[in-house]
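Report on the following structure.
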Amino acid sequence: MSLRLKLKPKTEQKIIQVILYSFTSIAVLVLVFILVVILKNGLPQLSLEFLTRNPVDMGREGGILSTIVATIFLTLIALLVATPLGVGTAIFLTEYTTESWITRVIRFGAECLAGIPSIIFGLFGFILFVNKLKFGWSMLSGGLTLAFMVLPTIIRTSEEAIKAVPEAYRLVSFSLGSTRWQMVTRVVLPSALPGIVTGIILSVGRSIGETAAVIFTAGSALRLPTSVFSSARTMSVHFYIMAKEGISMPKAYGTAAVLVISILLINVTTYYLMEKYIRRKK
Amino acid sequence: MKTRGIIVRNFSHYYGQVRSLNNINLDVYRHEILGIIGPAKSGKSTFLACLNRLNDLIPGSRVEGKIEVDGQDIYGPDVDVVALRRKLGIVFATPVPLPMTIYENVVFGLRLLGNDERRELDRIVEDSLEKAGLWNEVKDRLHTSALKLSGGQQQRLCLARVLALKPEYILLDEPTSGLDPISTMKIEESLRQLKKDYTIILVTNNTKQAARVADRTAFFLMGELVEIDETHVIFTRPMDKRTEAYLEGKFG
């Protein structure tokens, strides 16, 4: 208090500004640091060959084509399952039911699901998909496991986005003779789309980056996968194995660089597209 | 000869335990403008919402009594609520354009019916905007966002959006309460024109507006219909002391 009294408001303002700026810059600095380390070590590895050839000799030689393909398909399977489930749940919770103990249980369940460590999801996927349903170590098992892992995120972000749509829009839609479903699909979802997409992008990031849940369910085969029942190794898993087993650090960094660059590209493109979408509506 | 379009008998409405409308009895004639005046919380807006069953959307809403529209009991068991809402279009106090283009706002209700025939939609858009007195101001920017329009333009767009559905009745819930005098004048002018083809119920907290445009006027107070008569009668020799007091501005 005494310190505060001594300071002129202007000086105080300056000090606070400096402190807050430094806090903010720490977040950015960490990002820059990660990017520099990964890219400095990884970029020299990148070549057309690295991206278009399969790993040879456990990954010591060759490229990472099979792991790129596996990552794309695993993520796609996860999204194809999680998006309709998650958005559907969010629509149910917001538009088709009133707040009650049931909605609270569903929401609480989803929150808990979000807090479960990914390795536990891996175990769950292993027991259910790999063993019980006999999908084996496969992209299908891995994709489904990832789907349930990202489901809470999609439910949560979609629900928030849907709730943010002004109530008046719903009333207007009904007053112009829409059914509830028409109201949802023509008014609510288009307005909530940017928020929903944000949730999906977060999920893409988590799916691409996940290792623990994937090793348990999709395995770590290095072959180019030929069907959803093929075992496959994603880029993250590849990086993990290469680094942990000391197979080839340069190749590991190369993989990491591809991972980081793809996630950045996905983020940038989506935000650009969303920005355009929002501007068109305004 | 005046034909009765809407017949309201012994109609009450409740929000949970709270009674918001108490035993309303009134008729609405075809091709008239019926003004409904009364202070805030007198049940005017609730009454409008009951006429096209938008009150259904409010949890705890319950009705007693009967409302007939063109001979059909609208709270009967096999009423098509969606069709009913098209038949009784409503314009709210706050203009709420949907976040899409002017054109798409006008054709919103038509597209719901699966009507996507470009030439017909174009024609209806022009016709509806013309009737709402907005065509000349927006005809060159139909495909820009409706959110960029001024408040008065937005409200006329909301009117056009209702007209596009070819309703029989137009319900207006204090449509000019947030508008400037010029915009208000434009809307009132449109209403006088529209009377030929539609039956209009105009809820307003501006008694002068009722005096200017309504053929008959009803006075609501605390959920009850105090009286209803020819507008000039209500304004010059009301039967009820409360009506007189309200019109003289003794309460509001």
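Sequence order for the protein chains is U and Y. 6 is the number of the first residue of the first sequence in this note's numbering; add one for each residue after it. 79 is the number of the first residue of the second sequence in this note's numbering; add one for each residue after it. The beta-carbon is built from N, C-alpha and C at its ideal position, and this holds for glycine as well.
Quick check: the Cα distance between Phe55 (chain U) and Arg65 (chain U), rounded to an integer number of angstroms? 12 Å
Cβ pair Gln171 (chain Y), Pro117 (chain Y) closer than 9 Å: According to the sequence provided, residue 171 (chain Y) is Ala. The question's Gln does not apply to it. No, these two residues do not count as a Cβ contact at 9 Å.
Within-9 Å CB hit, Ser105 (chain U) to chain Y: no
Output the distance between the C-alpha atoms of Leu25 (chain U) and Ile31 (chain U), rounded to the nearest integer angstrom. 10 Å
Cβ of Ala210 (chain Y) within 9 Å of any chain U Cβ: no
By how many angstroms is the C-alpha of Ile82 (chain U) removed from the C-alpha of Leu191 (chain Y)? 35 Å
Under 7 Å from the C-beta of Val192 (chain U): neighbouring residues of chain Y: Leu176
7 Å CB neighbourhood of Asp158 (chain Y) in its chain, flanking five on each side removed: none
Check this for me: beta carbons of Pro60 (chain U) and Ser52 (chain U), under 9 Å apart or not? no
For Ser146 (chain U) and chain Y, any beta-carbon pair shorter than 9 Å? no
Indicate the three-state DSSP secondary structure (helix, strand or coil) for Ser255 (chain Y) in the structure shown. coil
Is the beta carbon of Ala292 (chain Y) closer than 9 Å to that of Gly149 (chain Y)? no
If we require 4 or more residues per run, which alpha helix (DSSP H) segments fall completely within the segment 53-82 of chain U? 53-57
Other residues of its chain near Val346 (chain Y): CB distance less than 8 Å, five sequence neighbours each side excluded: No answer is possible for residue 346 (chain Y): it lies beyond the span of chain Y, which begins at 79 and ends at 330.
Pro316 (chain Y) burial status per 10 Å Cβ neighbour count (16 or more: buried): buried
Can you find a CB in chain Y that lies within less than 9 Å of the CB of Gly182 (chain U)? yes
Report the neighbours of Phe186 (chain Y) on chain U: residues whose CB is nearer than 7 Å to its CB, in chain order. Leu181
So the candidates are U:Ile39, U:Phe179, U:Arg58; which of them puts its Cα closest to the Cα of Lys256 (chain U)? U:Arg58
Cβ-based burial, Ile20 (chain U) [other Cβ within 10 Å; buried from 16]: exposed
CB of Gly229 (chain Y) within 9 Å of CB of Asp258 (chain Y), strictly: yes
Per-residue contacts from Val141 (chain Y) into chain U (C-beta, under 9 Å): Neighbours of Val141 (chain Y) on chain U: none; closest Cβ ~17 Å, over 9 Å.
Between Ala152 (chain U) and Val170 (chain U), how many whole angstroms is the CB-CB distance? I'm expecting something under 8 Å. Wrong, their Cβ atoms sit about 26 Å apart, outside the cutoff.
Taking Cβ-Cβ distances shorter than 7 Å, what residues in chain U pair up with Ile168 (chain Y)? Ser180
Relative to the C-alpha of Gly167 (chain U), which residue among U:Leu98, U:Ser180, U:Leu156 is closest? A small correction: the amino acid at residue 167 (chain U) is Ile; Gly does not occupy that position in the sequence shown. Selected option, being the one with the closest Cα: U:Leu98.
Cα-Cα separation, Met300 (chain Y) to Ala289 (chain Y): 21 Å
Which runs of the alpha helix (DSSP H) fall wholly inside the segment 185-241 of chain U and span at least 4 residues, in chain order? 185-188, 194-214, 217-223
For Thr124 (chain Y), which residues of its own chain have a beta-carbon under 7 Å away from its beta-carbon, when the five flanking residues on both sides are left out? His91, Ser98, Leu99, Asn133
Below 8 Å on the Cβ atoms is my contact criterion, and I expect Val155 (chain U) with Ala226 (chain U) to pass it. Report the Cβ-Cβ distance as a whole number of Å. In fact, because the Cβ distance is near 23 Å, the residues do not count as touching under 8 Å.
Taking only beta-carbon atoms, is Ala173 (chain U) less than 9 Å away from chain Y? yes
To which residues does DSSP link Gln150 (chain Y) through a beta bridge? Y:Val147
Limits of the alpha helix (DSSP H) - the one that Ser90 (chain Y) falls within: Here Ser90 (chain Y) belongs to no alpha helix (DSSP H); instead the beta strand (DSSP E) covers 82-93.
At a CB-CB cut-off below 9 Å, which residues of chain Y make contact with Leu198 (chain U)? In chain order: nothing, as chain Y lies at least about 11 Å away.
Neighbour-count burial assignment, Tyr247 (chain Y), 16 or more Cβ in a 10 Å radius: buried
Pro253 (chain Y) CB to nearest chain U CB: under 9 Å? no
Note down, in chain order, each residue of its chain lying with its Cβ closer than 8 Å to the Cβ of Ile252 (chain U), except the 5 sequence neighbours on either side. Met63, Gly64, Arg65, Ile246
Tell me, please, which residues DSSP counts as bridged to Asp200 (chain Y). Asp200 (chain Y) pairs with nothing; no bridge assigned.
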